[in-house]
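Only one structure is covered here, and it is reproduced in the block below.
In our numbering, the protein residues as written are 52 to 243.
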């Protein structure tokens, strides 16, 4: 009888050990999935940062070119320089998103200045810089979309059971989304 009791206890211990082992494997699997999604999202964010740095590096050349033709547009040129400095010092995704939106607006005003200066519009250096800026804006937009997609996938996974519990245990936090800048949100007015 004592052997049967010990055998029953041994079986219970074995079942408990197997259940704990399966639970540990499950937790590790969810944790690893969250880690993969986090790394992919951070990688997408670094892709945005690369494009933004390229844009930040292009702006001084653009400002100098415009300044040579439109020196009395000092307020607009200073606004672009100030917006660039703010964008370069932004830390969080939300701060970057806001600062880059302000920079896009300032750049839009700078490009509008070119319309009033036919010599500037015809300047080869300006045309090249304008083309590079346009290409960068497209790359930034694409990178933002990629980041927002991976951030959305991570956030969605993190919000679902049981990942929400496991993520909470390990300190996973949702990612902020990059907002569209004001210039891309506004609907252009067309007058005929």
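A virtual CB, placed ideally from N, CA and C, is assigned to each residue, including glycine.
Bear in mind the structure is a predicted one, so any value in this text is a computation, not a measurement.
| query | result |
| --- | --- |
| Contacts around residue 214, its chain only, beta-carbon distance under 7 Å, and the 5 residues preceding and following it disregarded | 81, 85, 208 |
| When 162, 151, 220 are compared against residue 120, the one with the closest alpha-carbon | 162 |
| Inter-stretch contact at 8 Å, needing at least 3 Cβ pairs: the region 106-125 / the region 165-183 | yes |
| Entirely enclosed beta strand (DSSP E) segments - the region 72-106, minimum 3 residues | none |
| Simplified DSSP assignment, three categories, for residue 186 | helix |
| Within 8 Å, strictly: CB atoms of residue 180 and residue 116 | yes |
| Assigned secondary structure, residue 133 (DSSP; H/G/I helix, E/B strand, else coil) | helix |
| Residue 146: first and last residue of the uninterrupted alpha helix (DSSP H) it sits in | 144-165 |
| Integer-rounded CB distance, given that residue 129 should sit under 8 Å from residue 164 | So it is not a contact: roughly 13 Å between Cβ atoms. |
| Option in 192, 142, 224, 191 with minimal Cα separation from residue 204 | 224 |
| Contact set for residue 111: own chain, Cβ-Cβ below 6 Å, skip 5 residues either direction | none |
| Inter-residue Cα distance where the pair is residue 88 and residue 141 | 24 Å |
| Which of helix, strand or coil DSSP assigns to residue 206 | helix |
| Between the CA atoms of residue 99 and residue 195 - distance to the nearest angstrom | 6 Å |
| Buried versus exposed, by CB contacts within 10 Å (16 or more), residue 218 | buried |
| Separation of residue 220 from residue 64, as counted between CA atoms | 27 Å |
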